[in-house]
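S.K.:
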Amino acid sequence: AEALGGAQRHPLMLVETAGGALSPGPSGSLQADIYAPLTTPISVDVGGGARTPAAVQLVGRSVLVGDGRLGGISVTLSALEALERRGYDVGAVVLIEEAGSDNVNSEFLREYLHLRAASDYGSGHPDAAARTTADAVVALGPHPPEGPLLEWFEEHKAQFGDVLRAVGCAAP
Numbered sequence: 265a266e267a268l269g270g271a272q273r274h275p276l277m278l279v280e281t282a283g284g285a286l287s288p289g290p291s292g293s294l295q296a297d298i299y300a301p302l303t304t305p306i307s308v309d310v311g312g313g314a315r316t317p318a319a320v321q322l323v324g325r326s327v328l329v330g331d332g333r334l335g336g337i338s339v340t341l342s343a344l345e346a347l348e349r350r351g352y353d354v355g356a357v358v359l360i361e362e363a364g365s366d367n368v369n370s371e372f373l374r375e376y377l378h379l380r381a382a383s384d385y386g387s388g389h390p391d392a393a394a395r396t397t398a399d400a401v402v403a404l405g406p407h408p409p410e411g412p413l414l415e416w417f418e419e420h421k422a423q424f425g426d427v428l429r430a431v432g433c434a435a436p
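For the sequence shown, this note's numbering assigns the number 265 to the initial residue and increments by one for each residue that follows.
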């Protein structure tokens, strides 16, 4: 919480997959289908006792790690649509951009997703802003080829904060 300016944190579950949303898992099923049960909200009693019931919702919005390279826009949008069709609530898209890319992929995705939300809901509709991931398309610079990542994480602290806020793990 201190790293995000004292913001209250909510549970965060990280699930790393290999390949892509539509890559097969060990069973032969697509990864997006294997992990779909994780999109169902789960409330867990955190021991508030009979007087003060307290529950925490363990499942929130998802983060899609897209492709910041050439051809990455198509791959990222395909994965996003596949996840949304399966009920995932994607709150943020993170791209690790290549050196010298000028964040072209993230800028295009941000603009495209704004336009998509406006056409889905109408530009004045209150859900247009709430349902778009466009405000949380985050571009990160290339990670160092080797060695500790602490400096890289520190350089991108604001972007990581944006992602956490977009998925409800930090106060807005």
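From the three backbone atoms N, C-alpha and C, an ideal C-beta is built for every residue, glycine too.
Rounding to the nearest angstrom, what Cα-Cα distance links valine 354 and glycine 411 in this structure?
M.R.: Indexing the sequence shown from 1 puts residue 354 at position 90. Indexing the sequence shown from 1 puts residue 411 at position 147. Each residue's alpha carbon lies about 31 Å from the other.
S.K.: Looking only at its chain, what residues have a beta carbon closer than 7 Å to the beta carbon of glycine 427, apart from the 5 residues adjacent to it on each side?
M.R.: Locating residue 427 in the sequence shown gives position 163, where the first residue counts as 1. Before going on, a small fix: residue 427 reads as valine here, not glycine. So the qualifying residues of the chain are Val327, Ala356, Val358, Ala400 and Val402.
S.K.: Which runs of the beta strand (DSSP E) spanning at least 3 residues fall entirely within the stretch 335-373, listed in chain order?
M.R.: 354-361
S.K.: How many angstroms separate the CA atom of tyrosine 352 from the CA atom of proline 408?
M.R.: Locating residue 352 in the sequence shown gives position 88, counting from the first residue. Locating residue 408 in the sequence shown gives position 144, counting from the first residue. Going from the Cα of tyrosine 352 to the Cα of proline 408 covers about 31 Å.
S.K.: Spatial neighbours of alanine 373 within its chain, please: C-beta separation below 8 Å, excluding the five flanking residues on both sides.
M.R.: In the sequence shown, counting from the first residue as 1, residue 373 sits at position 109. Note that residue 373 is leucine in the sequence shown here, rather than alanine. So the list reads Gly330, Ile337, Thr340, Leu341, Val357, Leu359, Ala398 and Val401, once near-sequence residues are dropped.
S.K.: If arginine 350 sits next to valine 431, beta carbons under 8 Å apart, how far is it from one beta carbon to the other, in whole angstroms?
M.R.: Your numbering for residue 350 matches position 86 in the sequence shown. Your numbering for residue 431 matches position 167 in the sequence shown. With 8 Å as the limit, arginine 350 and valine 431 do not qualify as a contact, their Cβ atoms being about 17 Å apart.
S.K.: Measure the beta-carbon distance from alanine 285 to alanine 346 and round it to whole angstroms, keeping in mind my assumption that it falls under 8 Å.
M.R.: Indexing the sequence shown from 1 puts residue 285 at position 21. Indexing the sequence shown from 1 puts residue 346 at position 82. That pair is a contact at about 5 Å.
S.K.: Return yes when the Cβ of glycine 405 is within less than 9 Å of the Cβ of glutamate 211, no when it is not.
M.R.: Beyond the ends of the chain as shown, which are 265 and 436, falls residue 211; an answer cannot be given.
S.K.: Measuring straight from C-alpha to C-alpha, what distance separates arginine 429 and leucine 414?
M.R.: As a position in the sequence shown, residue 429 is number 165, starting the count at 1. As a position in the sequence shown, residue 414 is number 150, starting the count at 1. C-alpha separation (whole angstroms): 21 Å.
S.K.: What are the boundary residues of the alpha helix (DSSP H) that includes valine 431?
M.R.: Walking along the sequence shown from the start, residue 431 turns up at place 167. No residue range can be given for valine 431, since it is assigned to no alpha helix (DSSP H) and is classified by DSSP as neither H nor E.
S.K.: Tell me the rounded alpha-carbon separation between glycine 425 and alanine 382.
M.R.: Here residue 425 is taken as the residue at index 161 of the sequence shown, counted from 1. Here residue 382 is taken as the residue at index 118 of the sequence shown, counted from 1. If I take the Cα positions, the gap works out to 25 Å.
S.K.: By the three-class DSSP mapping on this structure, what secondary structure does serine 287 have?
M.R.: For the purposes of this step, residue 287 is taken as residue 23 along the sequence shown, with counting starting at 1. Here serine 287 sits in coil by DSSP.
S.K.: Could you give the residue range of the beta strand (DSSP E) that holds leucine 404?
M.R.: Looking up residue 404 in the sequence shown gives position 140. Counting along the chain, the beta strand (DSSP E) containing leucine 404 begins and ends at 401-404.
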